[in-house]
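Numbering (mature numbering (1 follows the signal peptide of the UniProt record, and there is no 0)), first residue to last: -23 to -1, 1 to 220. Glycine included, each C-beta is placed from N, C-alpha and C at the ideal position. Here's the structure we're looking at; comments come further down.
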(Lines of atoms letter the chains of each structure in order from A and count residues from 1; the text may use other names and numbers.)
(Lines give C-alpha, C1' and ligand atoms only; values in the text may rest on other atoms or scores of the structure.)
Protein backbone atom coordinates (compact mmCIF):
# COMPACT_ATOMS: atom_id res chain seq x y z
CA UNK A 1 0.00 0.00 0.00
CA UNK A 2 1.52 3.35 -0.99
CA UNK A 3 2.46 5.76 1.74
CA UNK A 4 0.47 8.96 2.30
CA UNK A 5 3.56 11.05 1.53
CA UNK A 6 4.15 9.36 -1.82
CA UNK A 7 0.45 9.56 -2.72
CA UNK A 8 0.35 13.29 -1.97
CA UNK A 9 3.40 13.79 -4.18
CA UNK A 10 1.68 12.16 -7.17
CA UNK A 11 -1.54 14.09 -6.58
CA UNK A 12 0.37 17.37 -6.28
CA UNK A 13 2.25 16.95 -9.58
CA UNK A 14 -0.84 17.07 -11.87
CA UNK A 15 -2.14 20.02 -9.89
CA UNK A 16 1.07 21.94 -10.44
CA UNK A 17 1.06 21.12 -14.14
CA UNK A 18 -2.55 22.29 -14.44
CA UNK A 19 -1.73 25.54 -12.60
CA UNK A 20 1.27 26.19 -14.86
CA UNK A 21 -0.77 25.59 -18.02
CA UNK A 22 -3.49 27.94 -16.74
CA UNK A 23 -0.90 30.60 -15.92
CA UNK A 24 0.60 30.35 -19.42
CA UNK A 25 -2.85 30.55 -21.00
CA UNK A 26 -3.67 33.66 -19.01
CA UNK A 27 -0.37 35.41 -19.71
CA UNK A 28 -0.44 38.18 -22.30
CA UNK A 29 0.96 37.08 -25.66
CA UNK A 30 4.53 38.12 -26.39
CA UNK A 31 4.76 40.81 -29.02
CA UNK A 32 7.56 41.95 -31.28
CA UNK A 33 8.09 45.62 -31.96
CA UNK A 34 9.62 46.63 -35.27
CA UNK A 35 11.19 49.95 -36.10
CA UNK A 36 11.82 50.95 -39.68
CA UNK A 37 15.00 52.47 -41.03
CA UNK A 38 14.38 54.10 -44.40
CA UNK A 39 15.96 56.52 -46.82
CA UNK A 40 14.37 59.31 -44.79
CA UNK A 41 16.51 58.20 -41.83
CA UNK A 42 19.68 58.09 -43.89
CA UNK A 43 19.65 54.57 -45.34
CA UNK A 44 21.53 54.54 -48.65
CA UNK A 45 18.71 52.73 -50.45
CA UNK A 46 15.74 50.63 -49.35
CA UNK A 47 16.75 47.37 -51.02
CA UNK A 48 18.94 45.86 -48.29
CA UNK A 49 21.00 42.91 -49.53
CA UNK A 50 23.28 42.29 -46.53
CA UNK A 51 23.38 43.01 -42.77
CA UNK A 52 26.19 42.64 -40.22
CA UNK A 53 26.97 43.87 -36.71
CA UNK A 54 30.59 44.60 -35.78
CA UNK A 55 32.30 44.33 -32.40
CA UNK A 56 31.57 47.98 -31.60
CA UNK A 57 27.87 47.32 -32.01
CA UNK A 58 27.43 49.21 -35.29
CA UNK A 59 24.90 47.78 -37.73
CA UNK A 60 26.12 47.69 -41.34
CA UNK A 61 23.64 47.51 -44.19
CA UNK A 62 24.59 46.76 -47.78
CA UNK A 63 22.20 48.09 -50.40
CA UNK A 64 21.99 48.56 -54.15
CA UNK A 65 23.17 52.15 -53.75
CA UNK A 66 25.89 52.07 -51.12
CA UNK A 67 26.85 50.95 -47.61
CA UNK A 68 25.20 52.39 -44.49
CA UNK A 69 26.44 52.27 -40.88
CA UNK A 70 23.82 52.69 -38.15
CA UNK A 71 24.64 53.28 -34.47
CA UNK A 72 21.06 53.13 -33.22
CA UNK A 73 20.54 56.88 -33.63
CA UNK A 74 22.46 58.15 -36.66
CA UNK A 75 23.53 56.81 -40.03
CA UNK A 76 26.67 57.25 -42.09
CA UNK A 77 26.55 56.23 -45.75
CA UNK A 78 29.53 55.28 -47.87
CA UNK A 79 29.36 55.43 -51.66
CA UNK A 80 31.68 54.90 -54.56
CA UNK A 81 33.33 58.08 -55.87
CA UNK A 82 35.35 58.02 -59.08
CA UNK A 83 37.64 60.79 -57.85
CA UNK A 84 38.38 59.00 -54.54
CA UNK A 85 40.35 55.73 -54.88
CA UNK A 86 39.79 54.96 -51.17
CA UNK A 87 36.01 55.14 -51.44
CA UNK A 88 33.76 52.09 -51.79
CA UNK A 89 34.71 50.27 -54.99
CA UNK A 90 31.08 49.80 -56.10
CA UNK A 91 27.70 50.87 -54.75
CA UNK A 92 26.01 47.50 -55.23
CA UNK A 93 26.85 45.80 -51.91
CA UNK A 94 25.80 42.15 -51.78
CA UNK A 95 27.88 40.64 -48.96
CA UNK A 96 29.10 41.81 -45.54
CA UNK A 97 31.52 39.57 -43.66
CA UNK A 98 33.27 39.95 -40.30
CA UNK A 99 36.33 37.74 -39.97
CA UNK A 100 37.50 36.24 -36.62
CA UNK A 101 39.63 39.36 -36.00
CA UNK A 102 36.57 41.61 -36.36
CA UNK A 103 37.64 42.99 -39.74
CA UNK A 104 34.78 44.02 -42.01
CA UNK A 105 34.94 42.76 -45.59
CA UNK A 106 32.54 44.00 -48.24
CA UNK A 107 31.55 42.03 -51.31
CA UNK A 108 30.32 44.25 -54.14
CA UNK A 109 29.63 44.01 -57.85
CA UNK A 110 32.99 45.71 -58.35
CA UNK A 111 35.16 43.46 -56.19
CA UNK A 112 36.22 42.78 -52.62
CA UNK A 113 36.77 45.66 -50.19
CA UNK A 114 38.30 45.86 -46.71
CA UNK A 115 37.11 48.66 -44.43
CA UNK A 116 39.64 50.63 -42.38
CA UNK A 117 37.78 51.91 -39.31
CA UNK A 118 40.58 54.33 -38.36
CA UNK A 119 40.56 56.25 -41.65
CA UNK A 120 37.02 55.27 -42.70
CA UNK A 121 38.35 54.27 -46.10
CA UNK A 122 38.32 51.13 -48.24
CA UNK A 123 41.05 49.02 -49.81
CA UNK A 124 40.16 47.15 -53.00
CA UNK A 125 41.19 43.61 -53.96
CA UNK A 126 40.59 42.04 -57.37
CA UNK A 127 41.56 38.65 -58.81
CA UNK A 128 44.14 39.05 -61.57
CA UNK A 129 42.89 36.82 -64.35
CA UNK A 130 42.84 36.87 -68.13
CA UNK A 131 40.89 39.78 -69.58
CA UNK A 132 39.12 37.24 -71.78
CA UNK A 133 37.14 36.07 -68.75
CA UNK A 134 35.44 39.46 -68.43
CA UNK A 135 34.66 41.01 -65.05
CA UNK A 136 32.39 38.32 -63.57
CA UNK A 137 35.04 37.55 -60.95
CA UNK A 138 34.43 41.00 -59.47
CA UNK A 139 30.81 40.22 -58.70
CA UNK A 140 31.11 38.86 -55.16
CA UNK A 141 28.27 36.57 -54.05
CA UNK A 142 29.54 35.10 -50.74
CA UNK A 143 32.53 35.19 -48.37
CA UNK A 144 33.72 32.57 -45.86
CA UNK A 145 36.76 32.23 -43.58
CA UNK A 146 39.34 29.56 -44.42
CA UNK A 147 40.31 28.97 -40.79
CA UNK A 148 43.87 30.20 -41.34
CA UNK A 149 43.39 33.94 -41.76
CA UNK A 150 42.35 33.84 -45.40
CA UNK A 151 39.05 34.17 -47.20
CA UNK A 152 37.04 32.12 -49.65
CA UNK A 153 35.24 34.36 -52.11
CA UNK A 154 32.37 33.23 -54.32
CA UNK A 155 31.81 35.18 -57.50
CA UNK A 156 29.74 35.18 -60.67
CA UNK A 157 32.81 33.72 -62.39
CA UNK A 158 34.45 31.13 -60.19
CA UNK A 159 35.64 30.44 -56.67
CA UNK A 160 38.60 32.39 -55.30
CA UNK A 161 40.84 32.12 -52.27
CA UNK A 162 42.31 35.37 -50.98
CA UNK A 163 45.41 35.49 -48.79
CA UNK A 164 45.49 38.88 -47.00
CA UNK A 165 49.18 38.46 -46.10
CA UNK A 166 50.34 38.24 -49.72
CA UNK A 167 47.24 39.96 -51.14
CA UNK A 168 47.03 37.25 -53.77
CA UNK A 169 44.11 35.29 -55.18
CA UNK A 170 43.97 31.66 -56.26
CA UNK A 171 41.05 30.86 -58.56
CA UNK A 172 39.05 27.75 -59.49
CA UNK A 173 36.83 27.47 -62.57
CA UNK A 174 34.68 24.91 -64.31
CA UNK A 175 36.47 22.79 -66.88
CA UNK A 176 34.22 20.52 -68.99
CA UNK A 177 37.17 18.17 -69.52
CA UNK A 178 37.90 17.81 -65.77
CA UNK A 179 35.35 15.96 -63.63
CA UNK A 180 37.04 17.25 -60.49
CA UNK A 181 36.72 20.92 -61.40
CA UNK A 182 34.11 23.34 -60.09
CA UNK A 183 30.67 22.22 -61.28
CA UNK A 184 29.67 25.71 -62.40
CA UNK A 185 31.43 29.09 -62.51
CA UNK A 186 28.39 30.87 -61.06
CA UNK A 187 29.10 30.38 -57.34
CA UNK A 188 26.31 31.60 -55.08
CA UNK A 189 26.96 30.36 -51.52
CA UNK A 190 29.75 29.17 -49.21
CA UNK A 191 29.94 27.37 -45.86
CA UNK A 192 32.90 25.82 -44.03
CA UNK A 193 32.27 23.05 -41.52
CA UNK A 194 34.19 22.08 -38.36
CA UNK A 195 36.20 19.51 -40.31
CA UNK A 196 37.50 22.25 -42.59
CA UNK A 197 35.51 21.14 -45.61
CA UNK A 198 34.34 23.95 -47.87
CA UNK A 199 30.80 23.57 -49.18
CA UNK A 200 30.19 25.47 -52.38
CA UNK A 201 26.75 26.29 -53.76
CA UNK A 202 26.64 26.78 -57.52
CA UNK A 203 24.09 27.19 -60.28
CA UNK A 204 24.52 23.48 -61.09
CA UNK A 205 24.57 21.90 -57.65
CA UNK A 206 26.55 21.51 -54.44
CA UNK A 207 30.32 21.03 -54.44
CA UNK A 208 32.63 20.11 -51.58
CA UNK A 209 36.34 20.86 -51.35
CA UNK A 210 38.22 18.82 -48.70
CA UNK A 211 40.94 20.59 -46.67
CA UNK A 212 44.10 21.05 -48.73
CA UNK A 213 42.50 19.61 -51.87
CA UNK A 214 42.21 21.19 -55.31
CA UNK A 215 39.52 18.91 -56.73
CA UNK A 216 35.84 19.03 -55.89
CA UNK A 217 33.28 16.40 -54.99
CA UNK A 218 29.86 17.02 -56.53
CA UNK A 219 26.35 16.51 -55.14
CA UNK A 220 23.15 16.96 -57.15
CA UNK A 221 19.47 16.75 -56.30
CA UNK A 222 18.19 16.01 -59.78
CA UNK A 223 20.36 13.48 -61.61
CA UNK A 224 19.17 14.84 -64.95
CA UNK A 225 21.18 17.98 -64.29
CA UNK A 226 18.20 20.33 -64.52
CA UNK A 227 19.50 23.63 -63.12
CA UNK A 228 16.03 24.55 -61.82
CA UNK A 229 16.37 21.85 -59.16
CA UNK A 230 20.13 21.75 -58.62
CA UNK A 231 20.81 25.46 -58.24
CA UNK A 232 21.93 26.33 -54.68
CA UNK A 233 21.27 29.84 -53.40
CA UNK A 234 22.17 29.60 -49.69
CA UNK A 235 24.09 27.37 -47.27
CA UNK A 236 24.10 27.19 -43.46
CA UNK A 237 25.79 24.80 -41.01
CA UNK A 238 24.03 24.42 -37.66
CA UNK A 239 25.51 23.77 -34.21
CA UNK A 240 25.30 20.01 -34.80
CA UNK A 241 27.30 20.38 -38.02
CA UNK A 242 24.33 19.61 -40.22
CA UNK A 243 24.38 21.36 -43.58
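Item, Value
"Excluding five sequence neighbours on each side, which residues of the same chain lie with their C-beta closer than 7 Å to the C-beta of residue 195?", "160, 182 and 184"
"Considering only the beta carbon of each residue, do residue 81 and residue 65 sit closer than 8 Å?", "no"
"According to DSSP, residue 173 sits in a beta bridge with which residue or residues?", "None; residue 173 has no bridge partner."
"Buried or exposed for residue 18, please, with buried defined as at least 16 other CB atoms from any protein chain shown within 10 angstroms of its CB.", "exposed"
"Just curious, the beta strand (DSSP E) that residue 145 is in, first and last residue?", "145 to 149"
"Between which residues of its own chain and residue 218 is the CB-CB distance below 7 Å, once the five residues before and five after are set aside?", "170 and 171"
"For the beta strand (DSSP E) that contains residue 210, what are its first and last residues?", "Per DSSP, residue 210 belongs to no beta strand (DSSP E) and is neither H nor E."
"Using a Cβ-Cβ cutoff of less than 7 Å, which residues in the same chain neighbour residue 77 once the five nearest sequence positions on both sides are dropped?", "122"
"Which word fits residue 220, buried or exposed, when buried means at least 16 other C-beta atoms lie within 10 angstroms of its C-beta?", "exposed"
"Is the beta carbon of residue 132 closer than 8 Å to that of residue 150?", "no"
"Of all the options 206, 127, 142 and 205, which has the alpha carbon lying nearest to the alpha carbon of residue 175?", "127"
"So what's residue 10 in DSSP terms, helix, strand or just coil?", "coil"
"Please check the pair residue 187 and residue 146, which I expect to be a contact at CB under 8 Å, by giving their CB distance rounded to whole angstroms.", "Actually they are not in contact, since the Cβ atoms of residue 187 and residue 146 sit about 20 Å apart, beyond 8 Å."
"Could you work out which residue in 141, 40, 208 and 207 is closest to residue 100 when comparing CA atoms only?", "141"
"Using 10 angstroms around the beta-carbon of residue 154, count the other beta-carbons present and answer buried if the total reaches 16, otherwise exposed.", "exposed"
"What distance in whole Å lies between the Cβ atoms of residue 102 and residue 47, which are believed to be in contact at a cut-off of 8 Å?", "Incorrect: roughly 26 Å between the Cβ atoms, too far for contact."
"On the three-state DSSP scale, how would you describe residue 110?", "helix"
"Does DSSP classify residue 71 as helix, strand or coil?", "strand"
"Please work out which residues of its chain come closer than 6 Å, Cβ to Cβ, to residue 191, disregarding the five sequence neighbours upstream and downstream, and give them in chain order.", "none"
"Enumerate in chain order the residues of its own chain whose CB-to-CB distance from residue 53 is below 6 Å, with the five nearest sequence positions on each side excluded.", "46"
"Between 136, 130 and 193, which lies nearest to residue 157 when the distance is taken from Cα to Cα?", "193"
"Beta-carbon separation of residue 118 and residue 72 under 8 Å?", "yes"
"For the putative contact between residue 90 and residue 69, defined by C-beta atoms under 8 Å, what is the C-beta separation to the nearest angstrom?", "That belief does not hold up - the Cβ atoms of residue 90 and residue 69 are roughly 12 Å apart, past 8 Å."
"The beta strand (DSSP E) spanning residue 46 covers which residue range?", "43 to 47"
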